[in-house]
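Residue numbers for the sequence shown follow numbering that gives the first Met the number 0, beginning at 0 and rising by one. The block underneath contains the structure these notes are about, expressed in structure tokens.
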Amino acid sequence: MATDVAKMNERWKKGCLLVFVAALWLFHITTAVWFVTHSETTEAEVLKREERLFPGKRKGWANLQVSYVRADGKTDITTVRWRVTPAPSGTKIPVWRARSGLIEVGPASWAEAFYVETLMGYLALFIGTLLGGYLGFAKLKARLKKRQARKP
Numbered sequence: 000m001a002t003d004v005a006k007m008n009e010r011w012k013k014g015c016l017l018v019f020v021a022a023l024w025l026f027h028i029t030t031a032v033w034f035v036t037h038s039e040t041t042e043a044e045v046l047k048r049e050e051r052l053f054p055g056k057r058k059g060w061a062n063l064q065v066s067y068v069r070a071d072g073k074t075d076i077t078t079v080r081w082r083v084t085p086a087p088s089g090t091k092i093p094v095w096r097a098r099s100g101l102i103e104v105g106p107a108s109w110a111e112a113f114y115v116e117t118l119m120g121y122l123a124l125f126i127g128t129l130l131g132g133y134l135g136f137a138k139l140k141a142r143l144k145k146r147q148a149r150k151p
């Protein structure tokens, strides 16, 4: 009886965690789609460029301090972060700006707008490549053993 209750509690914990993660994922997809559909492309001038060889936790690939014209016509200076892809080179770069929302300006890139999904895609590709390489190597090794066993 006690083991049945423990199993049920464990299932509930896993289920609640799954629902929580799914809700976070859905929230991110919803806000990213909203930002992409409610934004317009504009040109920004790069004032300061800070690039890294590897992406960091908070910094990403590159931080660019840019000057751009807001939707209300005023000039603003802000920092735009590239988290998934390298930042475009040059002094004039395209950025997306929105009139309101969680993000007012961001990199004009689909991969950057959906960076969580892009990172998960990169991770799945990496794991798939490792797994495929391992399975392919294991099959090749088994074939070579069979071939050696046939030759006396």
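Beta carbons are placed, not taken as given, at the ideal position from N, Cα and C, and that holds for glycine.
{"query": "If you scan the region 102 to 148 from start to end, which runs of the alpha helix (DSSP H) of 4 or more residues do you find wholly inside it?", "result": "109 to 112"}
{"query": "Which residues share a DSSP beta bridge with Lys47?", "result": "Gln64"}
{"query": "Which of helix, strand or coil does DSSP assign to Ala86?", "result": "coil"}
{"query": "How many whole angstroms separate the CB atoms of Val79 and Gly105, which I take to be in contact at a CB cut-off of 8 Å?", "result": "6 Å"}
{"query": "Tell me Arg80's beta-bridge partners as DSSP assigns them.", "result": "Asn62"}
{"query": "Express the C-alpha separation of Pro85 and Glu50 in angstroms, rounding to a whole number.", "result": "8 Å"}
{"query": "Assuming the contact rule is C-beta atoms closer than 8 Å, Val65 and Val94 should be a hit. Round their C-beta distance to whole Å, please.", "result": "7 Å"}
{"query": "When the Cα of His37 is compared with those of Trp24, Arg48, His27 and Glu103, which residue comes out closest?", "result": "Glu103"}
{"query": "Between which two residues does the alpha helix (DSSP H) holding Arg96 run?", "result": "No alpha helix (DSSP H) contains Arg96, which is instead part of the beta strand (DSSP E) from Lys91 to Ala97."}
{"query": "What residue range is occupied by the uninterrupted alpha helix (DSSP H) comprising Lys13?", "result": "Ala1 to Thr36"}
{"query": "Since Lys91 and Glu42 should fall inside the 8 Å C-beta cutoff, what is the C-beta to C-beta distance between them, to a whole number of angstroms?", "result": "5 Å"}
{"query": "For Ala31, which residues of its own chain have a beta-carbon under 7 Å away from its beta-carbon, when the five flanking residues on both sides are left out?", "result": "Ala112 and Phe113"}
{"query": "Alpha carbons only, please: which of Arg142, Phe125 and Val115 is nearest the one belonging to Trp24?", "result": "Val115"}
{"query": "Might you give, ordered along the chain, the residues of its own chain that have their beta carbon closer than 6 Å to the beta carbon of Glu48, omitting 5 neighbours on each side?", "result": "Here residue 48 turns out to be Arg, not Glu, going by the sequence shown. These residues qualify, in order along the chain: Leu63."}
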